[in-house]
Amino acid sequence: MNLLAIETSVPTATLCLRQGERGLTVRRSWTAERNHDAWLFPALQEAMANLGEEALDAILIGAGPGSYGGVRVALAAGVGIAAVTGAPLISLCSWEQLAGGEACIISDARRGGWTVRRPDGTIEVLTPEELQTLAATGTPLLSTEPAGALDKLGITPVAEALAPTAEGLVQTWLSMTEEQRAAAAAKPAEPIYVRPPHITAALHKPWEIRK
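First residue of the sequence shown? That's -9 in this note's numbering, and the numbers climb one at a time after it.
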């Protein structure tokens, strides 16, 4: 199975190409908070050159939670690759690869909230007080934030500074059943919104001349 995976929901982004039994033949990473496109396309060019005339079975995009801008850049690139190759474009929860047992995964959602992924896959935003209550129950917490980021709340995660990768997306996909893959492929490829997306109405029609 030939898989192209892109994970740009985090500051240190990754791209990888898995070519069947040969495993990973391309693996690139870069750090670009707001400039993913400048780094992504050279990596994509290398991956597609390495793929050559071989068929691509799927394009996997890390949908977050995380940087909406980063995820959208990856999705836009994925749409183009899908149009050329005919491979399905599939978005997967970036945190699925970090999950394990009864632990919750947490990350700073900004604006005074904390994103929490429950063991059953439910994602929600909690207040600091609600997060402290969750921690007080003894639930293991895994954090994507830097070490010490939760000290101010009196919370000590089991692990900190966790980050999803493109390789992790590949492993997530390979571990899924055929039914799970079909369900993931049937869903629209889009970012995971931990809050309702803010959509601003256009002030002008596309064909209008702006003055």
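Every residue gets a Cβ at the ideal spot worked out from N, C-alpha and C, and that includes glycine.
Asked	Found
For residue 116, the nearest candidate out of 95, 22, 64 (CA to CA)	95
Residue 84 in three-state terms, based on DSSP	helix
Proximity test, residue 5 beta-carbon vs the ligand ADP heavy atom, cut-off 7 Å	You won't find the ligand ADP in this model; it holds no ligand whatsoever.
C-beta contact flag for residue 67 and residue 34 at 8 Å	yes
Same chain, Cβ closer than 7 Å to residue 46, neighbours up to 5 away in sequence not counted	-8, -6, 75, 77
Length-filtered (3 minimum) beta strand (DSSP E) runs lying within the stretch 105 to 135	113 to 116, 131 to 133
Pick from 89, 174, 167, 102 that is closest to residue 134, judged by C-alpha positions	89
Run of the beta strand (DSSP E) containing residue -5, from where it starts to where it stops	-8 to -3
Proximity below 8 Å, CB of residue 36 to CB of residue 155	no
Through-space distance from residue 18 to residue 4, alpha-carbon basis	6 Å
Complete runs of the beta strand (DSSP E) confined to the stretch 38 to 70 [at least 3 residues]	48 to 52
Residues of its chain near residue 180, where Cβ-Cβ distance is below 8 Å and the 5 sequence neighbours each way are ignored	53, 65, 81
Per-residue DSSP class, three states only, for residue 3	strand
First and last residue of the uninterrupted alpha helix (DSSP H) at residue 164	156 to 165
Identity of the residues DSSP links to residue 79 by a beta bridge	49
Own chain, CB closer than 6 Å to residue 150, minus 5 neighbours either side, in chain order	133, 137
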